[in-house]
Amino acid sequence: MSQVNETTTSVTEFFIVGFPGLQPKYYNLIGALLFIIYIAVITGNSLIVVLFVTERSLHKPMYIIMLSLSLSDIGFCTVALPKVISRYWFNDGYIGFYICLFQRQLIHYFGTLNSLIMMNMALDRFLAICYPLRYPVLMTNRTMRLLIGFSWVTAVIAPTISLIQTVKLPFCGPNRIAHCFCDGSSINQLACADATITNLNAYAVAMFVLLVPFSFIIFSYLSILVSVLRIANAQGRIKAFSTCATQLTIITIYYVPRFVVYSTSNIPNVKLLNSSQKISLVMFYSLLPP
Numbered sequence: 413m414s415q416v417n418e419t420t421t422s423v424t425e426f427f428i429v430g431f432p433g434l435q436p437k438y439y440n441l442i443g444a445l446l447f448i449i450y451i452a453v454i455t456g457n458s459l460i461v462v463l464f465v466t467e468r469s470l471h472k473p474m475y476i477i478m479l480s481l482s483l484s485d486i487g488f489c490t491v492a493l494p495k496v497i498s499r500y501w502f503n504d505g506y507i508g509f510y511i512c513l514f515q516r517q518l519i520h521y522f523g524t525l526n527s528l529i530m531m532n533m534a535l536d537r538f539l540a541i542c543y544p545l546r547y548p549v550l551m552t553n554r555t556m557r558l559l560i561g562f563s564w565v566t567a568v569i570a571p572t573i574s575l576i577q578t579v580k581l582p583f584c585g586p587n588r589i590a591h592c593f594c595d596g597s598s599i600n601q602l603a604c605a606d607a608t609i610t611n612l613n614a615y616a617v618a619m620f621v622l623l624v625p626f627s628f629i630i631f632s633y634l635s636i637l638v639s640v641l642r643i644a645n646a647q648g649r650i651k652a653f654s655t656c657a658t659q660l661t662i663i664t665i666y667y668v669p670r671f672v673v674y675s676t677s678n679i680p681n682v683k684l685l686n687s688s689q690k691i692s693l694v695m696f697y698s699l700l701p702p
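Counting from 413, one number per residue, gives the positions in the sequence shown under the working numbering.
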């Protein structure tokens, strides 16, 4: 196939299917449920933003991380949910070709951003527990703002690499996206050419984005565990563990489902989930507020 044919597309819009196999009689119910989730996420995270802005006592590194997670969550839900809600309430699932690619870029951008924020969270706890006397000097508000700002800027790199690969594919016929929003693998499946290499490259990028921060997180919490076990006072150990419990829960919920979804989508002969289960899992870990 010539290079011209490989980069030419005749598809002008896609259709967001949502949950494959869902009967029409449940459309209004699912639309209402997603709308309630959207309002709850926006309201809850907006309250966190307002509290941070109005309460000077919250201007600390850990709360800067929570603020960033809240803003990211607002951004993701605003990008992902309105179209699928419209699809179920008004049967308006059509989305322009380039708008879909833009949504795909933002979906993966916020996913990458959250992974980097989790790494900053682990770094903060690592310094706080392993180097408590030096923590106020090593982790100032300015330092955390720089780290978070760097995360917001660099999070665009990985999704852009995958997007460049996607736009090179020809789209000449199928346009029904079996997902609740435009994501890389769902779009690539509709290409009129073999997208195996593109999918493998996207998988490699996704694993890099997940595994590099996750490896640092594992190192950080293992170091924290060693430091905590050295504390002679039992009450002190409990207090140290309690400061990390919430973060560990967030990190587990964030990473484990993603590894399952990416692996079952891209590794041959690994089919632990059907399409509806996979989409449900994606929506769960994407919409569950941090």
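Ideal Cβ placement from N, Cα and C applies to all residues, glycine included.
- When secondary structure is reduced to three states using DSSP, R642 falls in the coil class, being assigned neither helix nor strand.
- The beta carbon of Y450 sits closer than 6 angstroms to the beta carbons of C489 and L493 from its chain, once the five residues preceding and following it are set aside; these are given in chain order.
- Here D606 is exposed: its Cβ has fewer than 16 other Cβ atoms, across all protein chains shown, within 10 Å.
- Following the DSSP letters along the chain, one finds F427 inside the beta strand (DSSP E) bounded by residues E425 to I428.
- The beta carbon of G508 is closer than 6 angstroms to those of E425 in its chain, skipping five residues each way along the sequence.
- Look at the beta carbons and you see the segment 451–461 not touching the segment 517–527: under three pairs across the two are nearer than 8 angstroms.
- Looking at F631, N613, D595 and I454, the one whose alpha-carbon comes closest to that of Y521 is D595.
- In the DSSP secondary-structure assignment, Y506 is bridged to F427.
- In this chain, the alpha helix (DSSP H) harbouring T555 covers N553 to T566.
- For L641 and V621, the gap between their C-alpha atoms comes out near 31 angstroms.
- Counting other Cβ atoms within 10 Å of its Cβ, T578 reaches 16 or more and is therefore classed as buried.
- A Cβ-Cβ separation of about 5 angstroms places L446 in contact with I497 under the 8 angstroms criterion.
- With the rule of 3 Cβ pairs closer than 8 angstroms, the segment 548–563 does not count as touching the segment 620–639.
- Going by DSSP, Y543 is part of no alpha helix (DSSP H) at all; its letter is neither H nor E.
- For R468, the number of other beta carbons within 10 angstroms of its own is below 16, and it is reported as exposed.
- Closest option to N611, judged by alpha-carbon separation, among L623, L575 and H591: L575.
- Within the same chain, Cβ atoms closer than 7 angstroms to the Cβ of V694 are found at V673, the five residues on either side in sequence being excluded.
- Taking a contact as a CB-CB distance under 8 angstroms, the pair Q515 and F593 counts as one, their CB atoms being some 6 angstroms apart.
- The beta carbons of I609 and I476 sit about 40 angstroms from each other, so the pair does not count as a contact at 8 angstroms.
- By the Cβ neighbour-count rule, F631 is exposed, with fewer than 16 other Cβ atoms within 10 Å of its own.
- Under the rule that a run must span 4 or more residues, the alpha helix (DSSP H) segments found entirely inside the segment 588–638 read 596–600.
- For L581, the secondary structure class from DSSP, reduced to helix, strand or coil, is coil.
- The beta carbon of Y506 sits closer than 7 angstroms to the beta carbons of E425 and F427 from its chain, once the five residues preceding and following it are set aside; these are given in chain order.
- Of L481, K495 and V462, the smallest CA-CA separation from N532 is found for L481.
- Burial state of P548 is exposed, judged by a 10 Å Cβ sphere holding fewer than 16 other Cβ atoms.
- Boundaries of the alpha helix (DSSP H) around G456: Y439 to T466.
- CA-CA distance, Y439 to L483, rounds to 29 angstroms.
- When the beta-carbon positions are compared, M530 and I665 stay at least 8 angstroms from each other.
- Spatial neighbours of S563 in its own chain (CB-CB distance under 7 angstroms, excluding positions within 5 residues in sequence) are listed in chain order as L525, L528, I529 and N532.
- With respect to the 8 angstroms criterion, L602 and F583 are classified as neighbours on the basis of their beta carbons.
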